[in-house]
Amino acid sequence: MVDITKVRAIDIHTHAEEPCGCHPDDGYDDLQSTMASYFGAPWKHPPTVPETAQHYREQNIAAVIFPVDAERETGYRRYANEEVAELAAENDDVLIPFASIDPWKGKMGVREARRLMREFGIKGFKFHPTMQGFYPNDRMAYALYEAIQDEGGIALFHTGQTGVGSGMPGGNGMRLKYSNPMYMDDVAVDFPDLKIILAHPSFPWQEEALAVAQHKPNVYIDLSGWSPKYFPEILVRYCNSILRKKVLFGSDWPMITPERWLSDFEKINIKDEIRPDIIKGNAARLLGF
Numbered sequence: 001m002v003d004i005t006k007v008r009a010i011d012i013h014t015h016a017e018e019p020c021g022c023h024p025d026d027g028y029d030d031l032q033s034t035m036a037s038y039f040g041a042p043w044k045h046p047p048t049v050p051e052t053a054q055h056y057r058e059q060n061i062a063a064v065i066f067p068v069d070a071e072r073e074t075g076y077r078r079y080a081n082e083e084v085a086e087l088a089a090e091n092d093d094v095l096i097p098f099a100s101i102d103p104w105k106g107k108m109g110v111r112e113a114r115r116l117m118r119e120f121g122i123k124g125f126k127f128h129p130t131m132q133g134f135y136p137n138d139r140m141a142y143a144l145y146e147a148i149q150d151e152g153g154i155a156l157f158h159t160g161q162t163g164v165g166s167g168m169p170g171g172n173g174m175r176l177k178y179s180n181p182m183y184m185d186d187v188a189v190d191f192p193d194l195k196i197i198l199a200h201p202s203f204p205w206q207e208e209a210l211a212v213a214q215h216k217p218n219v220y221i222d223l224s225g226w227s228p229k230y231f232p233e234i235l236v237r238y239c240n241s242i243l244r245k246k247v248l249f250g251s252d253w254p255m256i257t258p259e260r261w262l263s264d265f266e267k268i269n270i271k272d273e274i275r276p277d278i279i280k281g282n283a284a285r286l287l288g289f
């Protein structure tokens, strides 16, 4: 188990990736290399889960890690949740396992979610409405949310524009409309005991995300996917005030390294007394540590 007293930070948003070339026929390697170029990452295929664990160990940072199940919509084979959970368990001094289930999988997905939480210690689930092709308030996803809520899990939703497919023809088929954070307001109303994280500064809907997080007690915001030096002024203002207990450090590793994010975070106008909660305290409480 991660010893929260010893790590300097908790990164709430990192991605689990398989070794390069596992599925050479589905185009996923090409997508990853394009994303690496978009973010200026220094690799052509992202680090594996064990390599990720070693990096975070060296940085003395704990990390929530998850795959993304979008195979129905994209054709990219998913990284098995069980395998990610097992690798996280082998590196449980730094890794905290989340999973991902496409809500279009219906009852099969609901059964899988309950089993993963009960048998593998999964603490939450990553949803990517743009990659999975659904509106978060679509009732077809509600049985899955109910299962996560019942088991005390966390639901983390991509919001805003995405680097996935950026610059590729047709955005690689990714429709940005699904990731407007205002759809999450319905989910927060209908599942008031479900802990919800809105991932990323939600460009171009930043104010919608802030409104939902301020109004709904069960909604949080992670700050991943952007260098803090690009944060909009209104986001910094809310971090310094009414959302100070509801914003979370996230890097979006491996596209952005945690050390780069933390270095840039030191340079923006956040009150000194608030920084420890954003870097670690808020996530520790949300995760139940």
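All residue numbers for the sequence shown refer to full-length UniProt numbering, where the first residue is 1 and numbers rise by one. We treat Cβ as the ideally placed atom computed from N, Cα and C, and that holds for glycine. This one's a predicted model, so the numbers in the text were calculated from it and none came from an experiment.
Would you mind working out which of Phe-127, Pro-217, Ala-211 and Pro-258 sits nearest Leu-235, comparing C-alpha positions? Of the candidates Phe-127, Pro-217, Ala-211 and Pro-258, the one whose C-alpha sits nearest the C-alpha of Leu-235 is Ala-211.
Any chance the segment 226-233 sits against the segment 244-261, with 3 or more Cβ pairs inside 8 angstroms? The segment 226-233 makes contact with the segment 244-261; the number of CB pairs closer than 8 angstroms reaches 3 or more.
Measuring CB to CB, does Glu-73 end up less than 8 angstroms from Gly-133? Contact: yes.
Which whole-angstrom value describes the C-beta separation of Asp-11 and Val-64, a residue pair presumed to lie in contact below a C-beta threshold of 8 angstroms? 7 angstroms between Cβ atoms; contact.
Tyr-220 - containing beta strand (DSSP E), residue span: Taken as a continuous stretch (DSSP letters only), the beta strand (DSSP E) holding Tyr-220 covers 219-222.
Could you pull the start and end residues of the alpha helix (DSSP H) that Thr-130 belongs to? Where Thr-130 is concerned, the enclosing alpha helix (DSSP H) stretches over 129-132.
On the three-state DSSP scale, how would you describe His-215? Residue state, collapsed to three classes: helix.
Any alpha helix (DSSP H) of 4 or more consecutive residues that is wholly inside the segment 206-284: Annotation note: the segment 206-284 contains the following uninterrupted alpha helix (DSSP H) runs of length 4 or greater, listed N- to C-terminal: 206-215, 233-239 and 258-265.
How do the segment 267-280 and the segment 30-42 stand: do at least 3 beta-carbon pairs fall below 8 angstroms, yes or no? Taking 8 angstroms as the limit for Cβ pairs, the verdict is that the segment 30-42 does not touch the segment 267-280.
Going by alpha carbons, who is nearest to Arg-114 out of Trp-253, Glu-151 and Phe-191? Looking from the CA of Arg-114, the closest CA among Trp-253, Glu-151 and Phe-191 belongs to Glu-151.
Please list the terminal residues of the continuous alpha helix (DSSP H) segment that includes Val-110. First-last of the alpha helix (DSSP H) with Val-110: 106-119.
Find the nearest neighbour of Arg-269 within the set Gly-250, Asp-252, Asp-3 and Tyr-238, judged by alpha-carbon distance. The sequence shown places Asn at residue 269, rather than the Arg named in the question. The shortest Cα separation from Asn-269 among Gly-250, Asp-252, Asp-3 and Tyr-238 belongs to Tyr-238.
Is the distance from the Cβ of Asn-218 to the Cβ of Lys-195 below 8 angstroms? At a Cβ-Cβ threshold of 8 angstroms, Asn-218 and Lys-195 count as neighbours.
Asp-11 - DSSP class collapsed to helix/strand/coil: Looking at Asp-11 - three-state DSSP - the assignment turns out to be strand.
Quick check on Gly-171: does DSSP put it in helix, strand or coil? Judged by DSSP in its simplified three-state form, Gly-171 adopts helix.
In whole angstroms, give me the CA-to-CA distance for Asp-186 and Gln-59. Near 38 angstroms, if we compare the C-alpha coordinates of Gln-59 and Asp-186.
Span separating the alpha-carbon of Pro-192 from that of Leu-286: Computed Cα separation, rounded: 15 angstroms.
Of the listed residues Ile-221, Asn-91, Ala-147 and His-128, nearest to Val-110 (C-alpha basis): With respect to the C-alpha of Val-110, the residue from Ile-221, Asn-91, Ala-147 and His-128 having the closest C-alpha is Ala-147.
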